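Trainee: Structure below; questions to follow.
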Amino acid sequence: MLDCPGGASDFGARIRELGGRAVSADPQYALSPQELGRLVDGEQARVNAWVHAQPDRFGLRPGAPWPLAAAWRATAEGFLSDYRRCRTEGSGHYVSAALPALPFPDREFTLVISGFLLFSYTDRFDLDFHLSAVRELLRVCCGQVRLHPLNDSSGRPYPYMRKFLDILHGEGVTSRLLDVTSSSDPRDDRTLVLVPRTVTR
Ligand SMILES: C[S@@+](CC[C@H](N)C(=O)[O-])C[C@H]1O[C@@H](n2cnc3c(N)ncnc32)[C@H](O)[C@@H]1O
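Numbering (UniProt numbering), first residue to last: 1 to 201.
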């Protein structure tokens, strides 16, 4: 599996614990474990403030802490300890790379997941970036690419989804929606599954 962007997620570590094979890619993996640790601390404070600024969206009671804060920290700690170990061992499980150009051969991964990058930052990434990025994820995939969530960081649906899908369908990519349950935002209830043209269906 490929997780891109991997960020401070422990997804890859957990897949490997279960006996699977997973690689995580993110431009921030150019950083040392110490630098990344400091970044994660800052990010935790930012996410906490962002969640508390939207109490209705995240079901917060007045004055109560964000119930998922401890789980977020535990995930980040799991990631950081695996990142430290993998960097020391040179395992290659964490690759510094940025979409839309990944340093992997065609059709390398059975499952490619990409969370909280595409569709999330419509202010930073235009439709052309989305298309180039997803074509690259499809290039390195011989099974499925899964993208989540389909709303931007304010919770609004990605406004160019129809056009985005029409263009990809025109290139032979097939798509379907998967119903999912989000532990943080109930509106993030769908994942987009894309199958590259070269995969026999
Ligand atoms: C909100 S985090 C999501 C990380 C992870 N998927 C998760 O759910 O925890 C967004 C990540 O995208 C990474 N990123 C930013 N630009 C990128 C690019 N062009 N290609 C790949 N990753 C990028 C950032 O470094 C950051 O780690």
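Think of the CB as a built atom: it goes at the ideal place given N, C-alpha and C, for glycine as much as any other residue.
Keep in mind it's a predicted model, so treat the numbers as computed, not measured.
1) Using DSSP bridges, identify the partner residues of S132.
2) Can you find a heavy atom of ligand 1 that lies under 8 Å from the Cβ of A69?
3) Can we count Q28 as close to ligand 1, meaning its CB is less than 8 Å from some heavy atom?
4) How many angstroms separate the CA atom of D123 from the CA atom of G7?
5) Between L60 and L192, what straight-line distance do the alpha-carbon atoms span, to the nearest angstrom?
6) Relative to ligand 1, is the shortest distance from any of its heavy atoms to the C-beta of S91 smaller than 8 Å?
7) Does the distance from the CB of H93 to the CB of A22 come in under 9 Å?
8) Tell me whether A22, by its Cβ, gets closer than 8 Å to a heavy atom of ligand 1.
9) So what does Q44 bridge to, in DSSP terms?
10) Could you have a look at H148 and say whether DSSP puts it in helix, strand or coil?
Mentor: In short, the structure shows the following:
1) Counted from its first residue, the sequence shown places residue 132 at position 132. Beta-bridge pairing links S132 to no other residue.
2) As a first step, residue 69 must be located in the sequence shown, where it is residue number 69. No, the Cβ of A69 stays beyond 8 Å of every heavy atom of ligand 1.
3) Sequence index remark: in the sequence shown, residue 28 carries index 28 (1-based). Answer for Q28: yes, Cβ within range of ligand 1.
4) Indexing the sequence shown from 1 puts residue 123 at position 123. Indexing the sequence shown from 1 puts residue 7 at position 7. Their Cα atoms are separated by approximately 20 Å.
5) Here residue 60 is taken as the residue at index 60 of the sequence shown, counted from 1. Here residue 192 is taken as the residue at index 192 of the sequence shown, counted from 1. Using only the alpha carbons, I get a separation of about 28 Å.
6) Here residue 91 corresponds to residue number 91 of the sequence shown, with the count starting at 1. Flag unset: Cβ of S91 not near ligand 1.
7) Start at 1 with the first residue of the sequence shown, and residue 93 comes out as number 93. Start at 1 with the first residue of the sequence shown, and residue 22 comes out as number 22. It is a contact, given that the beta carbons lie within the stated cut-off.
8) Walking along the sequence shown from the start, residue 22 turns up at place 22. No, ligand 1 has no heavy atom inside 8 Å of this Cβ.
9) For the purposes of this step, residue 44 is taken as residue 44 along the sequence shown, with counting starting at 1. DSSP lists no partner for Q44.
10) Taking the first residue of the sequence shown as 1, we reach residue 148 at position 148. H148 falls in the strand class under three-state DSSP.
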